[in-house]
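Asks: Handing you a structure now.
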Amino acid sequence: MKWIRKRDALIAQTLAFVQSVTGGKDDVPQPEAPVAGSTVAMEIVAVEAAAVEIEPPQDPLPPRPAPFPAPRASGDFRTEMQARIADFRKHQERFEREREEYYATTLTRLRAAIRDVSGPLAQK
4 MKWIRKRDAL
14 IAQTLAFVQS
24 VTGGKDDVPQ
34 PEAPVAGSTV
44 AMEIVAVEAA
54 AVEIEPPQDP
64 LPPRPAPFPA
74 PRASGDFRTE
84 MQARIADFRK
94 HQERFERERE
104 EYYATTLTRL
114 RAAIRDVSGP
124 LAQK
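What the sequence shown shows, in the working numbering, is residues 4 to 127, in sequence order.
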């Protein structure tokens, strides 16, 4: 259980660091006692603070986004919408025409099949 010893050592090191930063003992719970027969190496590391001054970047401002395209003239928009509506209507009319043709051919085939089946049965 090597990881338990590593964990206990990390906890002890963290507590020592906290105590060194705060200048004394706080209400920090102490780690569990190590398992008998095991040794825990602890190293206290001194940490120094350094002041760093951050300079703003010297790069120029980022480029501005491209402007929006100019709005279309109302007459141009109107003709485009009318053309789209006309295309849509043509499309719907074609679908309706194909649907009715399919219905008519299917009904014709069904009636022919019914006549063929009833013909031989009626003769017997």
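Just so you know, even glycine gets a beta-carbon here, dropped at the ideal spot from N, CA and C.
Which first and last residues belong to the alpha helix (DSSP H) in which Phe20 is found?
Replies: From DSSP, the alpha helix (DSSP H) with Phe20 extends over Lys5 to Thr25.
Asks: Classify Arg67 as helix, strand or coil using the three-state DSSP reduction.
Replies: Reduced to three states, the DSSP call for Arg67 is coil.
Asks: Determine the DSSP secondary structure at Ile47, reduced to helix, strand or coil.
Replies: DSSP places Ile47 in coil when its eight states are reduced to three.
Asks: Three-state secondary structure (DSSP) at Ala183?
Replies: Outside the shown range of the chain (4 to 127) lies residue 183, about which nothing can therefore be said.
Asks: From Lys5 to Ser23, what distance separates their C-alpha atoms?
Replies: Distance between the alpha carbons of Lys5 and Ser23: 27 Å.
Asks: Using the Cα positions of Ala89 and Gln95, report the straight-line distance between them to the nearest angstrom.
Replies: Taking the straight line from one Cα to the other gives about 10 Å.
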